[in-house]
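Please read the structure below before turning to the comments.
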Amino acid sequence: MSFRSLETAGALIPTSELSLDQLSADELEQLAAPWPVRWLYPPEEGGPDRVVYLFCGPGGLDVGVRDVLGHQLDTVGVELNKDATATARAAGFQRIVMDVRHLDPKHPALRWVRGLIVTAPCQCWTPAGKRAGQDPRNQELLLDVFTAAFEATFGHWHDSGPCEWEGECLICADPEWDGFGGFTGPLLTLDEVRAPIAQMTDERIGLIAEVLIWSLSLTAQWDNLRWLAMEQSSALPELVLDGLREELWSADWCSAEYRVLDAVDYGLASRRKRVFLMAARHSYVDLDALTPKAPMPTTTAAEALDWPTGIRVNTRGVRKTAGGNCWSADKPATGITSKIRGWYWEHDKDRRFSLDEAALLVGFRPGYPWTGSRSSCTQQIGDVVAPPMGGVVIGSLLGLDWEPQLRAYLAEIYSTTAGRPAHALAA
1048 MSFRSLETAG ALIPTSELSL DQLSADELEQ LAAPWPVRWL YPPEEGGPDR
1098 VVYLFCGPGG LDVGVRDVLG HQLDTVGVEL NKDATATARA AGFQRIVMDV
1148 RHLDPKHPAL RWVRGLIVTA PCQCWTPAGK RAGQDPRNQE LLLDVFTAAF
1198 EATFGHWHDS GPCEWEGECL ICADPEWDGF GGFTGPLLTL DEVRAPIAQM
1248 TDERIGLIAE VLIWSLSLTA QWDNLRWLAM EQSSALPELV LDGLREELWS
1298 ADWCSAEYRV LDAVDYGLAS RRKRVFLMAA RHSYVDLDAL TPKAPMPTTT
1348 AAEALDWPTG IRVNTRGVRK TAGGNCWSAD KPATGITSKI RGWYWEHDKD
1398 RRFSLDEAAL LVGFRPGYPW TGSRSSCTQQ IGDVVAPPMG GVVIGSLLGL
1448 DWEPQLRAYL AEIYSTTAGR PAHALAA
């Protein structure tokens, strides 16, 4: 087996044609790094989709696919936070510890990637990040980055007339050009694409551009990418969502749609409103597939945690919660954030949430291997994609019947007869 035109920053052996059969195990590892060696080779027929998962965190969406859906994907996640990475690895998921922006989407090991998932940090769109993403100037810069991402992958449309990009245009440079139109090919580097991000008041805003940088790069370079899923704060402006869709459509993606979903409507014992963008290269995204055939059960926090009725939880001054700084556990919990580390029973200030209790409210089985300090673990729990929602979105995107599996999963984790780990204040 060989690769042609291996001209990418990830390639360590500069040759126009490389036979993998001639390489030693060490050379294969060097060539594939940081991706798995098996990804240098075509997948087995009928095997699981290869998936790149950017900003993957501690594994919530992975749990949704594996444990809620019971579905197998060959996923490699990229995450910079070492505690979140350790958590995910302990749970059985494959991770690369690296800044997403330091990886090359055109790496030869990514040739057969079929799925892309992106769950970039969302604080810059919310009060936690002072809503920097809502600033019109920041949004203008972000849309400029979106446009540049297309220019760095597909370039501009070249018709049969004179070309203003002579010397850079791949069509003009082709001695066998037939005179018909086509895309010029890359006109910018990825560093040039990301350059405007430095002008933003919060550079985390620009991380959402990785959705396009990676999807367009993989499409232009290999054209084996078939589906894309993105999760983000429900406060993400429609202007940004529409900008993402328009660039995907320009790259000939068949469908790109988005919808705001609240996990409480899917049986979760807490509110968790997020926007999900779903895109398909050669088929139409069916948003109706996100709707259960019958209403999902409503689970209160007290039922999920096997607490007595009448408990009220104090959030220590987070007064935007309905009812002041307390909420009733006889209803689904308010949105779980990292601040849950300090929440306590109103009538017993020493009774705080264990990690298992906090995680159960967002859809994890007890005993998930959270790693790091208590603050680090609650940050992971606050930021994570709720596993049930991961199952719903990926299941819908892949045409899987997710509803029976989700109902069974919720019945299992919220069963009061299931074994509960003992409460631990410092767990």
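Going by the working numbering, the first residue of the sequence shown is number 1048, and it counts up by one from there. Cβ atoms here follow ideal geometry from the backbone N, Cα and C, with glycine treated the same way.
Measure how close the beta-carbons of VAL1409 and ARG1319 come, nearest whole angstrom, since I'm counting them as under 8 Å.
7 Å
GLY1094 to TRP1086, Cα distance in whole Å?
12 Å
By the three-class DSSP mapping on this structure, what secondary structure does ALA1465 have?
Note that ALA1465 scores 46 on pLDDT, short of 50, meaning its location in the model is unreliable; the coordinates nonetheless yield the value given after this. If DSSP states are grouped into helix, strand and coil, ALA1465 belongs with coil.
With 16 other CB atoms within 10 Å as the buried threshold, where does ARG1273 fall?
buried
Using the three-state DSSP reduction, which class does MET1325 fall into: helix, strand or coil?
strand
For SER1066, name the three-state secondary structure that DSSP assigns.
strand
Classification of TRP1477 by the beta-carbon crowding that lies within 10 angstroms, buried from 16 upward:
Any answer about residue 1477 is impossible in this case: the structure gives the chain only from 1048 up to 1474.
Whole-angstrom distance between ASP1333 and SER1443, CA atom to CA atom:
8 Å
Closest Cα partner of GLY1162 within the set ALA1380, THR1248, GLN1119, VAL1307:
GLN1119
Whether LEU1263 touches ALA1196 by CB criterion (7 Å):
yes
Tell me where the alpha helix (DSSP H) around MET1436 begins and ends.
1434-1444
How far does the alpha helix (DSSP H) with GLN1426 in it extend, from its first residue to its last?
1421-1430
Under the assumption that ASP1130 contacts GLY1419 (Cβ atoms under 8 Å), give the Cβ distance between them as a whole number of angstroms.
3 Å
Whole-Å CB distance - VAL1439 paired with LEU1337, under 8 Å assumed:
6 Å
Cβ neighbours of VAL1311 in the same chain (closer than 8 Å, five flanking residues each side left out)
SER1317, ARG1318, ARG1319, THR1345, PRO1379
Have a look at THR1248 and GLN1170 and give me their C-alpha separation to the nearest angstrom.
13 Å
With distances taken between CB atoms, is the gap from THR1231 to ILE1218 smaller than 7 Å?
yes
Suppose only complete runs of 4+ residues qualify. What are the alpha helix (DSSP H) ranges in the stretch 1174-1213, listed by chain order?
1183-1198
With TRP1449 as the anchor, note down where its alpha helix (DSSP H) starts and where it stops.
1449-1460
Where does ARG1388 land, buried or exposed, given buried means 16+ other C-beta within 10 angstroms?
buried
Across the stretch 1136-1149 and the stretch 1178-1192, are there enough close Cβ pairs to call them in contact, namely three or more that are closer than 8 Å?
no
Under 8 Å, with one C-beta from each stretch per pair, do the stretch 1281-1300 and the stretch 1256-1271 reach the 3-pair mark?
yes
Quick check: what's the CA-CA separation for ASN1128 versus PHE1411?
20 Å
Hey, is the stretch 1130-1141 in contact with the stretch 1098-1112, meaning 3+ C-beta pairs nearer than 8 Å?
yes
SER1049: buried (16+ other C-beta within 10 angstroms of its C-beta) or exposed?
Confidence at SER1049 is low in this model, with a pLDDT of 40, below 50, so the placement of that residue should be treated as unreliable; the coordinate-derived value is given next. Exposed.
Ordered along the chain, which non-local residues of its own chain (more than five positions away) have a Cβ less than 6 Å from that of TYR1461?
THR1346, ALA1351
Chain-order list of residues whose beta-carbon lies under 7 Å from that of ILE1252 (same chain, five-residue window excluded)
CYS1171, ALA1179, GLY1180, ASN1185, LEU1189
CB contact flag (TYR1456, VAL1115, <7 Å)
yes
CYS1373 in three-state terms, based on DSSP
strand
Grab me the residues of ALA1458's own chain with a C-beta within less than 6 Å of its C-beta, minus the 5 sequence neighbours each way, in chain order.
none
Could you give the first and the last residue of the continuous beta strand (DSSP E) run that contains GLN1141?
1141-1144
Beta-carbon spacing of ARG1306, GLU1278 below 7 Å
no
What is the residue span of the beta strand (DSSP E) that GLN1279 lies within?
1274-1280
Just tell me which of ASP1395, THR1425, GLU1393, LYS1340 has its CA closest to the CA of SER1401.
THR1425
By Cβ distance below 7 Å, which residues in the same chain neighbour VAL1084 in space, the five residues on each side in sequence not counted?
LEU1075, GLU1076
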